[in-house]
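Right, one structure below, let's go through it.
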Amino acid sequence: MDQEKQRRLRALPAVHEVISRLEYEAEFGPFLTNGRQLTRLTRVVRQVLQKARENVNRKYSDSFAEFESSLWTWLKSQLLQELNRPETSLRRVINATGVVLHTNCGRALLAPEVARYVAEQAERYSNLELNIETGERGSRYVHVEALLCRLTGAEGAMVVNNNAAAVLLMMNTFAQGKDVIVSRGELVEVGGSFRIPEVLKAGGANLVEVGTTNKTWLRDYEAAIRPETALFLKVHTSNYRVEGFTHSVSGAELVELGEKRGLPVMEDLGSGSFFDGTSLGFPIEPTIEQTVKAGLSLVTFSGDKLLGGPQAGIIVGKRVFIERLRANQLTRALRVDKLTLAALEGTLRLYENGGLEDIPVWRMLSLPLETLKSAASELVAALKLNQAIVVELKEDVSRVGGGAWPTVDLPTWVCAIRPKQGSVIELEKFLRLGAVAILTRIHKEWVVIDVRTLLSGDVEEIVRRLREWAR
Ligand SMILES: *Cc1c(COP(=O)(O)O)cnc(C)c1O
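Count the sequence shown with my numbering and you get residues 605 to 1075, in order.
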């Protein structure tokens, strides 16, 4: 066996041999026109030869003769596939998973007009930190503060890089070297890298856990108060539910206790939403506005979850607290850039002036079942022409994602496909590795394409890619 491997490895051509041969292949002409392209070609040839060596080192079932005779065709097809792929590292992905806020795929999508506004701001100078009236230096936060206050009913607002940074800044500003009281039922971990106990520690705060996993009472918070106590923190249990024999204390109840004892109450709302989703069948959850109204001193939430904007951490609340956040040196390190501010301002304006259907996240979440069914049926009809796969229209469920409403199943219609030859695992991989990556989900013996998260042009690309499987 080892000898056979050696023989195959020796049969692989050298980089310069491959390149000289490609000069006689018309389809490689465009990749050989100048020195820069030749450099890229050389890099890609190296990559492909490395892949060939890895294949030899794995198991194979063909004979040496078969290996040798198909080698050149294989090398060429691999090279063309690599060369035709966009060179950029960030690439378009078709999200056919039905997970609307897919963290791996960049969470919320911006509305087209918001994206255009961001591009304009990127290409030109702006009044980012300029007060045009006075000609003096201004604050970058004014571009979103008034909007955020109007939308949430808060007195003041502030924006940092993400919600994790918002919680960190809040802890560092108000609880450095002091106690923060949190219910044991709310010691959340989000996405592996954000854990409430660790963020508190990073902010210099001392976590004081009260209650139990399933039950925390107001008297538990009260009993934990000492002279060192800085604040009460509530954390939204974004990605799990404590169900059954449970009790938790509402923000409003804590505010009442806090007022008596002179302690502020702050909340990490996680996703947060401006919109009450109950009319779309989502469970009752306080909106950001309702949370602010309950009298909390500060409330934080993400920009790219249910808000449907850019990655950002938004903090709203009482003016005195916002001012103290601004004065913290850490704010400078966590500050948002102009493109984020443009994307956030644009998105917030859509909430003020437009409808929910203008915000892609909410448009996808609120798609009527009939619309989904007809879109899935059309895809099924187009794919029925493909002889290499079996296609079926099926009912399924989509997810909100991004740690929002984790237990909610959004009814949807999907196009389920199965290869006549080969496995669903191979088919899933084949879709993912095309010129445009198509991300699907495997469910039982099917590769599932959920139309909820597809955008214009995606269907055509899916149909085209699957034709290559038919080859
Ligand atoms: C998602 C989430 C975070 C982290 O937010 P990012 O904007 O991703 O930093 C923090 N806390 C809760 C409760 C969350 O759901």
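Ideal Cβ placement from N, Cα and C applies to all residues, glycine included.
Going by C-alpha distance, which of Glu1072, Ala827, Gly874 and Gly760 is nearest Gly1038? Glu1072
Contact belief for Ile1053 with Leu983 at Cβ below 8 Å, rounded distance in angstroms: 7 Å
Cβ of Ala712 within 8 Å of Cβ of Lys942? no
Checking 8 Å against the spacing of the C-beta atoms, do Glu733 and Arg744 come in under that value? yes
Give the straight-line distance between the Cα atoms of Phe905 and Gly862, rounded to the nearest whole angstrom. 22 Å
Sequence-distant residues of its chain with Cβ nearer than 7 Å to Lys897 (five each side left out): Gly757
With distances taken from CA atoms, which of Leu938, Glu927, Ile926 and Ser730 is nearest Ala916? Leu938
Ignore the nearest five residues each way along the sequence and tell me which others in Ala770's own chain have a CB closer than 6 Å to its CB. Val764, Thr904, Gly917 and Ile919
From which residue to which residue does the beta strand (DSSP E) around Arg1022 run? Leu1014 to Pro1023
Under DSSP, the beta strand (DSSP E) around Glu999 begins and ends at which residues? Ile993 to Gly1005
Just to confirm, is the Cβ distance from Gly760 to Cys753 under 8 Å? yes
Give a yes or no on whether the C-beta atoms belonging to Arg612 and Phe668 are separated by under 8 Å. yes
Does the beta-carbon of Thr1011 have 16 or more other beta-carbons within 10 angstroms, so that it is buried, or is it exposed? exposed
Using a threshold of 7 Å, is the CB atom of Asp872 nearer than that to any non-hydrogen atom of ligand 1? yes
Segments of 4+ residues assigned as alpha helix (DSSP H) that fall wholly inside the stretch 665–746: 668–688 and 716–727
Which stretch, first to last residue, makes up the beta strand (DSSP E) that contains Phe836? Thr833 to Val839
Answer with buried or exposed for Gly958, where buried requires no fewer than 16 other C-beta atoms within 10 angstroms of its C-beta. exposed
Residues near Lys998 in its chain [Cβ-Cβ closer than 6 Å; skip 5 each side]: Val1018 and Ala1020
Following the continuous alpha helix (DSSP H) through Phe632, name the residue where it begins and the one where it ends. Premise fails: Phe632 is in no alpha helix (DSSP H) and is neither H nor E.
If Thr895 sits next to Asp880, beta carbons under 8 Å apart, how far is it from one beta carbon to the other, in whole angstroms? Not confirmed; about 12 Å, so no contact.
Within a Cβ cutoff of 7 Å, which residues of the same chain sit near Val660, ignoring the five residues on either side of it in sequence? Lys609, Arg612 and Leu613
Per-residue DSSP class, three states only, for Val652: helix
Relative to the alpha-carbon of Ala750, which residue among Glu956, Asn767, Val803 and Thr833 has its alpha-carbon at the smallest distance? Glu956
Find the nearest neighbour of Asp606 within the set Phe671, Lys663 and Ser901, judged by alpha-carbon distance. Lys663
Buried versus exposed, by CB contacts within 10 Å (16 or more), Ser877: buried
Let's see if you can read the secondary structure: which residues bound the alpha helix (DSSP H) around Leu1058? Looking at the DSSP string, Leu1058 is not in any alpha helix (DSSP H), and its letter there is neither H nor E.
Simplified DSSP assignment, three categories, for Glu658: helix
Which of helix, strand or coil DSSP assigns to Asn818: coil
Cβ contact check for the stretch 819–836 and the stretch 777–788: 3 or more pairs under 8 Å: yes
I'd like to confirm the pairing. Which residues does DSSP put opposite Arg865 in its beta bridges? DSSP, once it has assigned bridges, lists no residue as partnering Arg865.
How is the alpha helix (DSSP H) around Leu929 delimited, first residue to last? Arg923 to Ala931
Three-state class that DSSP yields for Thr904 in the structure shown: strand
Close beta carbons around Leu1070, own chain, < 6 Å, minus the five adjacent residues each side: Asn990
For Gln725, which residues from the same chain have a beta carbon less than 7 Å from its beta carbon, with the 5 sequence-adjacent residues on both sides left out? Lys942, Leu943 and Ala946
Taking 8 Å as the cut-off, does the stretch 994–1009 touch the stretch 1026–1035 (at least 3 CB pairs, one atom from each stretch)? no
How about Val1028 and Ile1042: do their beta carbons lie closer than 8 Å? no
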